[in-house]
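Chains as they are written, first to last, in the working numbering: chain C, 221 to 334; chain Z, 13 to 127.
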């Protein structure tokens, strides 16, 4: 089996700061995703990537940048953290088609902005 | 665009009672694929169920759901709730975006099962 590793697990930042989250997978999957989880709003797609060096915007891409320099890794940057922002960011990977619905998720990175 | 609606944010049940979590969807594609994910506290979300053909029931780990295209629904059910079923449940739709594949999730239903 494989695993998705997200670092850091907890991230505390200051308002206006640029913050980066990292995700590694050893499934050898082509497609990787970043979702944001907020209470009452579900999982919202920020960015996804269908192959190395590819980037596709999700519904929530504004305020974020992403980078897929290697097949196994996918980074997400919060370009300017918002005061009092709190959210969990979930990374996932899958084979190219989602008809199977099989996304493998990491355990999440919890962001707190002071 | 494609969307998934879960009307209940929180469902609280007594152990042993039946579970039904609602999920409806909208999509322009005739071949919709629906899924249920479960997210236990301090764990990663994982796939619980995926839809089969129209009006066919799918089951896994005591839960079941039936895709009804006529009503655009894929409700999650279980005959008898257990304490260990307490978790956040997401319904998701396979959306065929113009460039690539992605899952569209609903807002989630928190199921709380009490003794």
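All C-beta atoms, glycine included, are put in the ideal place defined by N, C-alpha and C.
Leaving out five residues on either side along the sequence, give the residues of the same chain with a beta carbon under 7 angstroms from the beta carbon of residue 99 (chain Z). 50, 51, 52, 123
Entirely within the stretch 257 to 301 of chain C and at least 3 residues each: give me those beta strand (DSSP E) ranges in chain order. 262 to 269, 284 to 290, 293 to 298
What are the residues in the stretch 80 to 111 of chain Z lying within 7 angstroms of chain C by C-beta distance? 102, 104, 106, 111
State the Cα-Cα distance for the pair residue 291 (chain C) and residue 266 (chain C), rounded to the nearest angstrom. 18 angstroms
I want to verify the contact list: residues of chain C whose CB lies under 9 angstroms from the CB of residue 56 (chain Z), in sequence order. 224, 310, 312, 324, 325, 326, 327, 328
Please state whether DSSP places residue 95 (chain Z) in a helix, a strand or coil. helix
Which residues, in chain order, does the stretch 236 to 269 of chain C contribute to contact with chain Z at a C-beta distance below 8 angstroms? 251, 253, 255, 260, 261, 262, 263, 264, 265, 268
Where does the unbroken beta strand (DSSP E) through residue 124 (chain Z) begin, and where does it stop? Its beta strand (DSSP E) spans residues 121 to 126.
Quick one: what does DSSP say residue 51 (chain Z) is sitting in, helix, strand or coil? strand
Taking C-alpha atoms, which residue in Z:125, Z:126, Z:91, Z:117 lies nearest to residue 58 (chain Z)? Selected option, being the one with the closest Cα: Z:117.
Quick one: any contact between the stretch 15 to 22 of chain Z and the stretch 234 to 242 of chain C, if contact means 3 or more CB pairs under 8 angstroms? no
Can the beta-carbon of residue 294 (chain C) be found less than 8 angstroms from the beta-carbon of residue 256 (chain C)? no
With C-beta atoms as the reference, is residue 327 (chain C) less than 8 angstroms away from residue 226 (chain C)? yes
Compare the C-beta of residue 47 (chain Z) with all C-beta atoms of chain C and state if any pair is closer than 8 angstroms. yes
Among residues of its own chain, excluding the 5 on either side of residue 252 (chain C), which ones have a beta-carbon nearer than 6 angstroms to its beta-carbon? 269, 294, 313
DSSP-derived helix/strand/coil call for residue 76 (chain Z): strand
Could you tell me which of Z:31, Z:29, Z:78, Z:56 sits nearest to residue 47 (chain Z), measuring between CA atoms? Z:78
Per DSSP, which one or two residues make a beta bridge with residue 101 (chain Z)? Z:50, Z:121
With a Cβ-Cβ cutoff of 8 angstroms, do residue 28 (chain Z) and residue 92 (chain Z) count as a contact? yes
Can you have a look at residue 114 (chain Z) and say buried or exposed, based on whether 16 or more other CB atoms are within 10 angstroms of its CB? buried
Check whether chain Z comes within 8 angstroms of residue 221 (chain C), counting only Cβ atoms and requiring the distance to be less than that. no
Beta-carbon gap between residue 31 (chain Z) and residue 89 (chain Z) smaller than 8 angstroms: Note that the C-beta distance between residue 31 (chain Z) and residue 89 (chain Z) is below 8 angstroms.
By DSSP's criteria, residue 170 (chain C) is part of a beta bridge. Which residues make up the other side? Lying before the first or after the last residue shown, residue 170 (chain C) is absent from chain C, which here runs from 221 to 334.
Exposure of residue 245 (chain C), with buried meaning 16 or more beta-carbon neighbours within 10 Å: buried
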